[in-house]
Each structure stands twice: as C-alpha cells, then as structure tokens.
Amino acid sequence: MKHNLRALSGIAAVAIALAVISGSGFALAQGAGSSPLDGADEDNAITQSNVSLSEEAAIDIATAEANGTVEEVELESEDGTPVYEVELVASTGAETEVTVHADDGTVLNIETEDE
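Residue numbers (the numbering used here): 229 to 343.
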C-alpha cells in the first residue's frame, strides 16, 4: 500500500510538472514577451477608448497650429507614446503633419512639405 501511494504521488508530481511546463510554453508562445505596443501590432493596440484625447480635440489642436483642411487623422504609437497624426493640406497645396500627444494634447512635432 505504501509503495502504491508513493507511485501515485510520483505520477501526480510528473503530471503537474508537465502541465506547468506546457502551460508556460503556451503562454510564452502567445505573448512572446512583447508589449502590445511593440512592432506591427502598434496601430491595433491603441484605440480611442484607451487614450484621454478625442480625435476631434486633436483636430482642433492641430488646426490651431497649422492652416489647412484635414486630410487624414491616425491614432498611432511612437516609441510607446500614443499620438494622433493629423495631416492638413493648405490652399497652396503644402502638406503639414501635426503630431499631437493623445493623452495630454501636447503638440510634439510639426512637419511641413511644400508641393
């Protein structure tokens, strides 16, 4: 009886160890140790629901900084920072991209390209 109990304990220990090891491997394969803001998943990870500033507020901030008609607005991550990139086109054809911090509304960058 004592021998059977010892054998069952050994089998249980092996079964638990295998479950832990296979579960860890699955978790590593799923997460691969990366942040949701890393690499190709950057655009998908940031949504308007997890930033403080609305798209409309970002547009207002950008148009206060540069003249033009809004052509495109993108919510992205730059080096882990959520930003709105607002593209404006002036009547002269010049394109301006205003980068606005998506949490506090700070203008981080303004780039203008003449046509």
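Quick reminder that beta carbons are idealized off the backbone N, C-alpha and C, glycines included. Note that the structure is a prediction, hence the values are computed from the model and not measured.
Item, Value
"Residues bridged to residue 337 [DSSP beta-bridge criterion]", "327"
"Residues that DSSP places opposite residue 298 in a beta bridge", "316"
"Nonlocal neighbours in the same chain, by C-beta distance under 8 Å from residue 298, ignoring five residues either side", "287, 290, 291, 314, 315 and 316"
"Between the CA atoms of residue 338 and residue 293 - distance to the nearest angstrom", "8 Å"
"C-alpha distance - residue 301 paired with residue 275, whole-angstrom precision", "13 Å"
"Neighbourhood of residue 279 by C-beta distance below 8 Å, restricted to the same chain and skipping five residues each side", "303, 310, 330 and 331"
"Alpha-carbon to alpha-carbon, residue 283 and residue 336", "16 Å"
"Given residue 324 as reference, the closest of 273, 341 and 333 once Cα atoms are compared", "341"
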